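Everything below concerns the one structure shown next.
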Amino acid sequence: MWFDKLATIPSALRDVVVRPNSLVSRIVLWQVAGSALLILGVCVTLYVGLVSQSAWVDDQTLEKRFMTVSALLASEAEREYWLAHEVSEDMAGPRRVLVRVVDDQGAVIAETPDMAEIAPAGVFPVLAPNGGEIYATIVGPENSHFRVCVERAPYASGGEMREALVQIAMDTTLDQVVLGRFQRLVVLVALFTLLLATVIGVYWVTRLLAPLTRIAHDIGEIDRSTLGRRVVTEGLPEELGHLAVQFNGLMDRLSSAIAGLRHYADNVAHELRTPLNKMVLGLEVALQRPRSAEYYEEVLSQVADECSQLNTLVDRLLFLARASSDQAAIMRQAVNIQAELEGVRQYFEASATEAGIRLALEPGGALMISADRTLLQRAVGNLVANAIAHTPSGGEVVLAARRDEVSAHIVVRDTGGGISTEDQVHIFDRFYRADKTRGAPAGRIGLGLPIAKSIVGLHGGGISVESEVGKGTTMTVSLPLVQAKA
């Protein structure tokens, strides 16, 4: 299995080159850049550390030689006997040491043979008059590299103590060869490490993004006929698992919306078909044989009534469509809620009395808000009409207005049969009727509550429902308490 995975590395590397804008390419390129910087930093650190450590070791040898020469210069007797031997002791070999001693008059006191040709005095750093010792690296005439030490030392001459300049050079040409080989080795190791990091990066990034590829494939398989299919979340990393869960939730909401649209389209077709069938049937019967003028007048009156219902239905559907897309305009003005509720009560008083229902308004003071007066009347009227329709004879419907610190509340309370908990979730759905065993009463097609909710929503408010089966229902409209100027 692992061999099959490794076999995919060449194609993944090819994709990195061919598709530079892909996520894999970008991640791999950033990983390679980071690896390159890390490898470069490590290699430079190792190289600089090796050079500085080698220089430190050489400086210890030079300092030891300087101490020996300085001790000989301080004793005139020992200088005459041992100094020539000391400057010529290590003049051969790959790491030869060259010594030159110059007095304060510029005369050479002692010098390693051939030092003037190998490391002339001019290539040594110049010591400042009051400066201390100098350790440095110089290049000789024959491209020879030396680690040098330049320092002053007292010396005895004729019973007097004078000052001499000591120049010591150690041949480090062999060190340069070693450093050159180390450089080449480091470059090779760095290139190999970078290549290995690239291959490993491509392999792991491809594996890490494989679930994302799987998600994209699963999403691509979803079409109109497979809306119920979902992205498999098992085995996904935490982040991608969260993405898949959110996508599945989106698909659930989309499926629910599509189902709602289908149900809505079926209801609209049904509501349109009923008056159309009545008109077609009436006209067909009227045209089967000659009729009297009174009969034709009655048929045309029925057709006019059905056309009026169709017009009302279309008007309500258009209003709901505009409200849902925030295209319905509201004309705000100062509205006295208590006065508007009194107007609604008077408008429905006759129909409530006819149904044997008491319609009352609880007393209250003036409560001014900013709202569209016509739309607010329509919303409250729909709630009152719905309450009257579901309240049996002998019951009552009560209107009330109250306020709190942030909202104004319009309450429509009835003593009808109540609404079950299951139906309360859907009562604001279009064309929804809790009692599905009976046809809708004339003019009631299940759009009153949705229209009321849309109107309240346009004003930035909401509707809450409290109901218990057999005890009645309370609808509460809450509107932002924005005081209007009279």
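For the sequence shown, the residue numbers in our numbering are 12 to 497. Beta carbons are placed, not taken as given, at the ideal position from N, Cα and C, and that holds for glycine. Computed from a prediction, not measured in an experiment: that's the story for all the values here.
CB contact flag (residue i, residue j, <9 Å)
| i | j | result |
| --- | --- | --- |
| residue 419 | residue 475 | no |
| residue 359 | residue 399 | yes |
| residue 243 | residue 227 | no |
| residue 378 | residue 424 | no |
| residue 163 | residue 147 | no |
| residue 166 | residue 73 | no |
| residue 157 | residue 109 | yes |
| residue 427 | residue 459 | no |
| residue 137 | residue 149 | no |
| residue 113 | residue 179 | no |
| residue 463 | residue 343 | no |
| residue 291 | residue 302 | no |
| residue 134 | residue 145 | no |
| residue 268 | residue 50 | no |
| residue 321 | residue 272 | no |
| residue 465 | residue 435 | no |
| residue 361 | residue 369 | no |
| residue 193 | residue 230 | no |
| residue 173 | residue 101 | no |
| residue 3 | residue 224 | As displayed, the chain neither begins before 12 nor continues past 497, which places residue 3 out of reach and without an answer. |
| residue 87 | residue 168 | yes |
| residue 120 | residue 151 | no |
Residue i beta carbon near the ligand MN (any heavy atom closer than 8 Å)
| i | result |
| --- | --- |
| residue 492 | Absent from the structure shown: the ligand MN. Ligands present: none. |
Given residue i as reference, the closest of the options once Cα atoms are compared
| i | options | result |
| --- | --- | --- |
| residue 410 | 427, 371, 431 and 241 | 371 |
| residue 58 | 204, 195, 207 and 294 | 195 |
| residue 122 | 98, 201 and 394 | 98 |
| residue 241 | 314, 262, 235 and 87 | 262 |
| residue 294 | 272, 317, 276 and 283 | 317 |
| residue 492 | 223, 382 and 111 | 382 |
| residue 482 | 132, 139 and 402 | 402 |
| residue 352 | 325, 365, 385 and 329 | 385 |
| residue 37 | 139, 103 and 216 | 216 |
| residue 264 | 283, 250 and 239 | 239 |
| residue 480 | 433, 52, 439 and 296 | 433 |
| residue 47 | 473, 142, 120 and 207 | 207 |
| residue 55 | 100, 198 and 393 | 198 |
| residue 53 | 392, 417, 204 and 222 | 204 |
| residue 283 | 319, 104 and 143 | 319 |
| residue 153 | 171, 126 and 289 | 126 |
| residue 285 | 365, 431, 296 and 314 | 314 |
| residue 375 | 357, 350, 415 and 140 | 350 |
| residue 117 | 68, 171 and 177 | 177 |
| residue 439 | 417, 473 and 214 | 473 |
Nearest-angstrom beta carbon gap, residue j and residue i [assumed within contact, 8 Å]
| i | j | result |
| --- | --- | --- |
| residue 62 | residue 185 | That belief does not hold up - the Cβ atoms of residue 62 and residue 185 are roughly 14 Å apart, past 8 Å. |
| residue 252 | residue 43 | At roughly 29 Å, the Cβ-Cβ gap does not stay under 8 Å, so residue 252 and residue 43 are not in contact. |
| residue 404 | residue 367 | 3 Å |
| residue 380 | residue 348 | 6 Å |
| residue 182 | residue 106 | 6 Å |
| residue 346 | residue 387 | 6 Å |
| residue 429 | residue 484 | 6 Å |
| residue 111 | residue 132 | 7 Å |
| residue 408 | residue 391 | Contact flag wrong, Cβ pair sits at about 12 Å. |
9 Å Cβ cutoff, residue i in contact with chain B
| i | result |
| --- | --- |
| residue 386 | No chain B is present in this structure, which holds just one protein chain. |
### Query
Curious, which full-length alpha helix (DSSP H) runs of at least 4 residues does the segment 96-157 contain?
126-129
### Message
Restricting to runs no shorter than 4 residues, where is the alpha helix (DSSP H) found entirely within the segment 153-207?
### Response
none
### Message
Runs of 3 residues minimum, wholly inside the segment 310-380: which ones carry the beta strand (DSSP E) assignment?
### Response
344-347 and 369-372
### Query
Which parts of the segment 380-406 are runs of the alpha helix (DSSP H), unbroken and 4 residues or longer, counting only runs that do not cross its ends?
384-400
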